[in-house]
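Worksheet: one structure, shown below.
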Amino acid sequence: MIEKNLVDPMDLTKEELDSLMELAEKIIKSPREYADICKGKIMANLFFEPSTRTRLSFESAMLRLGGQVIGFSDLSSSSVIKGESFSDTIRTVSLYSDLLVIRHFKEGAPKYATEHSDVPIINAGDGSHQHPTQTLADIFIIKKAHGEIKDLTIGFCGDLKFGRTVHSLTKTLLKYPNIKFIFISPPELRMPKYIKRLLNEKNAEYIEVESLQELIDKLDILYMTRVQKERFFNEADYVRLKDSYILTTEHLKVAKENLAILHPLPRVNEIDVEVDKDPRAMYFRQARFGMYMRMALIMQILEASDVKY
Ligand code: NCD
3 MIEKNLVDPM DLTKEELDSL MELAEKIIKS PREYADICKG KIMANLFFEP STRTRLSFES
63 AMLRLGGQVI GFSDLSSSSV IKGESFSDTI RTVSLYSDLL VIRHFKEGAP KYATEHSDVP
123 IINAGDGSHQ HPTQTLADIF IIKKAHGEIK DLTIGFCGDL KFGRTVHSLT KTLLKYPNIK
183 FIFISPPELR MPKYIKRLLN EKNAEYIEVE SLQELIDKLD ILYMTRVQKE RFFNEADYVR
243 LKDSYILTTE HLKVAKENLA ILHPLPRVNE IDVEVDKDPR AMYFRQARFG MYMRMALIMQ
303 ILEASDVKY
């Protein structure tokens, strides 16, 4: 049974991840069976930072389970703009709803929110820290693409420093057997030390390289990411680094036939649109599967928090 909150990907055990994937599979097969399961329940989406996919996929997930959704999609339409504290906002909204989904530009905000809420909290992305529900989409598509999550080489490419999705997915993949990591980035955007420390502790195999082409033929998964403009301390650095990698059909000529090309989206420039036609491009399917995983998560979290359907 899943803990009350999902703040960090480490909140979920491998067994819980597997059971979420099983449930998502059942939902895909018989959506009608789940259409009313959260009837009468209200989820609040509190987005202090922009989002298309995460917010709308959470919303769609709850509506598909028969529940209702309240919330706001940017800071300016919340009372925070009047000077209300984050903790008061959380306390108040938790009185109106059964579950809070929070995206915030500050690292640690969803964790802090758990201190002020009586209802469960799901972290929908905190600064450049973690994004555990994107990881649910990611592992589900990996399982779909490769049958099992084991004995795989994954290349993460782009902004590995500020990209919260790569931090969460790397931590989660450490729970699965024999996953090798190739981190492809400019030196300025390398994976943070705390993640590399975790890899070392688990004796996971990883290397850091700069070239996207060099090892592309070794990959089972290529996880492309956007350079995170909003996290840069100065515009000039962003401009210099923003087009470090652009995946084209040319790169893919030597790649494996069963390579899965993933991206959490939104894409800016880092994957040429021509790549979309390649059957190995799975990023839009990845977004769809994310919604089913969020359905499974909402159901299991509401169950665990004693909220009766
Ligand atoms: C990601 C995010 O918000 O971290 N997007 C998403 O949730 N699918 C990736 C990004 O913004 O680059």
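Sequential numbering of the sequence shown, starting at 3, is according to this note's numbering. Even for Gly, the Cβ is constructed at its ideal location relative to N, Cα and C.
If you look at Ile-30, you'll find it in the alpha helix (DSSP H) that goes 16-31.
By the Cβ neighbour-count rule, Tyr-225 is buried, with 16 or more other Cβ atoms within 10 Å of its own. When the beta-carbon positions are compared, Glu-109 and Asp-128 come within less than 8 Å of each other.
Within the DSSP bridge table, the entry for Leu-102 names Ala-46 and Ile-123 as partners. Looking at Pro-179, Gly-165, His-169 and Ser-246, the one whose alpha-carbon comes closest to that of Gln-230 is Gly-165.
Rounded to whole angstroms, the gap between the alpha carbons of Asp-10 and Asn-271 is 29 Å. For Thr-91, the secondary structure class from DSSP, reduced to helix, strand or coil, is helix.
Ligand 1 never approaches Ser-246 closely enough for any of its heavy atoms to be under 7 Å from the residue's Cβ.
Under the DSSP assignment, Phe-235 falls outside any beta strand (DSSP E); it carries neither an H nor an E label. Residue pairing by DSSP puts Thr-155 in a beta bridge opposite Lys-182. Looking from the CA of Ile-30, the closest CA among Arg-66, Leu-58 and Met-12 belongs to Arg-66. Taking every protein chain shown into account, the CB of Asn-125 has 16 or more other CB atoms within 10 angstroms, so this residue is buried. In this structure, Leu-221 lies near Ile-156, with their beta-carbon atoms less than 8 Å apart.
In the DSSP annotation of this structure, the continuous segment of the alpha helix (DSSP H) that includes Ile-300 starts and ends at 285-306. Note on geometry: alpha-carbon atoms of Ala-289 and Leu-58 lie some 11 Å from one another.
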